[in-house]
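**Q** For the sequence shown, our numbering begins at 1393 and goes up steadily by one.
My structure is below; once you've seen it, I'll send some questions.
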Amino acid sequence: MMSKTLIIADLHLATDETDKTHLFIRFCQEQAVMADQLFILGDLFNVWLGDDLSINYYQKVVLVLKTLSLKTKIFIMTGNRDFLLGDEFAKQTNCILIDAPYLLEINNQQYVLTHGDELCTDDKGYQRLKSVLQHPITKFIFLNLGTKLRLKISAQLRQKSIKAQQHKSYEIMDVNTATVNQLMQKYPSANLIHGHTHRLDTHVHDGFTRYVLGNWSNNQGNAVEINHQLNRLEISTAVN
Ligand SMILES: [Mn+2]
């Protein structure tokens, strides 16, 4: 029997966005449950302040993942918004945390899976900030701060990021082709699947295809489905 794999990214689930959370829950209960494995390529959550804090805010999502995991193997890599997802989250949801890039092989076809922000090397300011924020020492210090301080710092960083983005060009915030080629040279027979840029599209490069996942809105999501071939899926509230 042919196995089925689903790949999604950039849901950016927020605690107050109940519509999007419902769309994701329905996707899990009706579509992902029919798959053998589900890969979530980062930014499932809009913000993650540490397992000890954020699990409490996302009880519905934690529960739906745990239920889904009984039928479907779930692999999650972190994005730039939820890079603090940790072992307690993995334990409570029964999901498997994976590092990027992740090499997936299905029916003799290889796919490199990654969130995609590390490919946006034209955005020097972003890459600099990322190397500081995602440094193990910074993470350790942040996770040991109290709730209020973590919420405050996170809100301030978000404001700064929104401000910074207003002055960045469309091109700067997309992937850099040389960086993409550099990554794919290590995987000469693979195709690439990533998210982060929110620019759903398929690009044919020299020697490989790059499938970009789109972000989810409150009433529409998207996925890549791989069984005997690769298909794009549209997830909407109208689908049963
Ligand atoms: Mn992202």
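Backbone N, C-alpha and C define an ideal beta-carbon position, used for all residues, glycine too.
Only counting the same chain, and skipping five residues up and downstream in sequence, which positions put a Cβ closer than 8 Å to that of S1609?
**A** To locate residue 1609, count along the sequence shown from 1; it is residue 217. Excluding sequence neighbours, S1609 sits near K1412.
**Q** How many Å lie between N1611 and V1454 at the Cα?
**A** Looking up residue 1611 in the sequence shown gives position 219. Looking up residue 1454 in the sequence shown gives position 62. Those two C-alpha atoms are separated by around 21 Å.
**Q** Closer than 8 Å by C-beta to I1417: which residues in its own chain qualify, once you throw out the five before and the five after it? Chain order, please.
**A** In the sequence shown, counting from the first residue as 1, residue 1417 sits at position 25. K1452, V1453, V1456.
**Q** I'd like the list of long-range same chain contacts for E1480, defined as Cβ closer than 6 Å, with 5 residues on each side in sequence excluded.
**A** Translated into positions along the sequence shown, residue 1480 becomes position 88. Excluding positions up to five away in sequence, the list reads D1443.
**Q** Ligand 3 heavy atoms versus the CB of G1471: any closer than 7 Å?
**A** As for ligand 3, it is missing from this structure, which binds only ligand 1.
**Q** Counting pairs of beta carbons, one from the stretch 1512-1531 and one from the stretch 1420-1436, are three or more of them closer than 8 Å?
**A** no
**Q** Three-state secondary structure (DSSP) at I1490?
**A** By one-based count along the sequence shown, residue 1490 stands at place 98. Residue state, collapsed to three classes: coil.
**Q** Expressed to the nearest angstrom, what Euclidean distance is found between the alpha-carbon atoms of G1478 and Q1519?
**A** Counting from one through the sequence shown, the residue named residue 1478 turns up at place 86. Counting from one through the sequence shown, the residue named residue 1519 turns up at place 127. Rounded to the nearest angstrom, the gap between the Cα atoms of G1478 and Q1519 is 22 Å.
**Q** Flag this pair as yes or no: are the beta carbons of F1431 and L1405 separated by less than 8 Å?
**A** Stepping through the sequence shown from its first residue, residue 1431 is reached at position 39. Stepping through the sequence shown from its first residue, residue 1405 is reached at position 13. Not closer than 8 Å, so no.
**Q** So what does K1465 bridge to, in DSSP terms?
**A** By one-based count along the sequence shown, residue 1465 stands at place 73. Beta-bridge pairing links K1465 to Q1429.
**Q** Counting only runs of 4+ residues fully inside the stretch 1509-1540, write out the alpha helix (DSSP H) ranges in chain order.
**A** 1516-1525, 1528-1535
**Q** With DSSP as the reference, label N1568 as helix, strand or coil.
**A** Position 176 of the sequence shown, counted from the first residue, corresponds to residue 1568. In this structure, DSSP gives N1568 a state outside helix and strand, which the three-state scheme calls coil.
**Q** Could you tell me the alpha carbon to alpha carbon distance between I1554 and G1538, rounded to whole angstroms?
**A** Start at 1 with the first residue of the sequence shown, and residue 1554 comes out as number 162. Start at 1 with the first residue of the sequence shown, and residue 1538 comes out as number 146. Taking the straight line joining both Cα atoms gives about 25 Å.
**Q** Taking I1545 as the reference, give the member of H1414, I1399, V1439, F1419 with the closest Cα.
**A** Your numbering for residue 1545 matches position 153 in the sequence shown. The shortest C-alpha separation from I1545 is found at V1439.
**Q** When DSSP labels each residue in this structure, what does V1631 get in the three-state scheme?
**A** As a working mapping, residue 1631 is identified with position 239 in the sequence shown. In this prediction, V1631 has a pLDDT of 49, which is less than 50 and means its spatial position is unreliable; what the coordinates show is noted afterwards. Looking at V1631 - three-state DSSP - the assignment turns out to be coil, as it is neither helix nor strand.
**Q** Please report how far the alpha carbon of Q1558 lies from the alpha carbon of K1552, in whole angstroms.
**A** Here residue 1558 refers to the residue found at position 166 of the sequence shown. Here residue 1552 refers to the residue found at position 160 of the sequence shown. Roughly 10 Å separates the two Cα atoms.
**Q** Cβ of D1593 within 7 Å of any heavy atom in ligand 1?
**A** Position 201 of the sequence shown, counted from the first residue, corresponds to residue 1593. Checking the Cβ of D1593 against ligand 1 gives no.
**Q** What's the C-alpha gap between P1580 and M1565?
**A** Here residue 1580 is taken as the residue at index 188 of the sequence shown, counted from 1. Here residue 1565 is taken as the residue at index 173 of the sequence shown, counted from 1. The straight-line gap from Cα to Cα measures roughly 26 Å.
**Q** For D1509, is the classification buried or exposed, using 16 other Cβ atoms within 10 angstroms of its Cβ as the cut-off for buried?
**A** Position 117 of the sequence shown holds residue 1509. Buried: at least 16 other Cβ atoms inside 10 Å.
**Q** Under 8 Å by Cβ, that's how I've got K1465 and E1617 pegged, so tell me the actual separation to the nearest angstrom.
**A** Taking the first residue of the sequence shown as position 1, residue 1465 is located at position 73. Taking the first residue of the sequence shown as position 1, residue 1617 is located at position 225. That belief does not hold up - the Cβ atoms of K1465 and E1617 are roughly 15 Å apart, past 8 Å.
**Q** Using a Cβ-Cβ cut-off of 6 Å (strictly less than) and excluding sequence neighbours within five positions of H1588, which residues of its own chain qualify?
**A** Within the sequence shown, residue 1588 is the residue found at index 196, counting from 1. Cβ within range, chain order: H1507, G1508, D1509.
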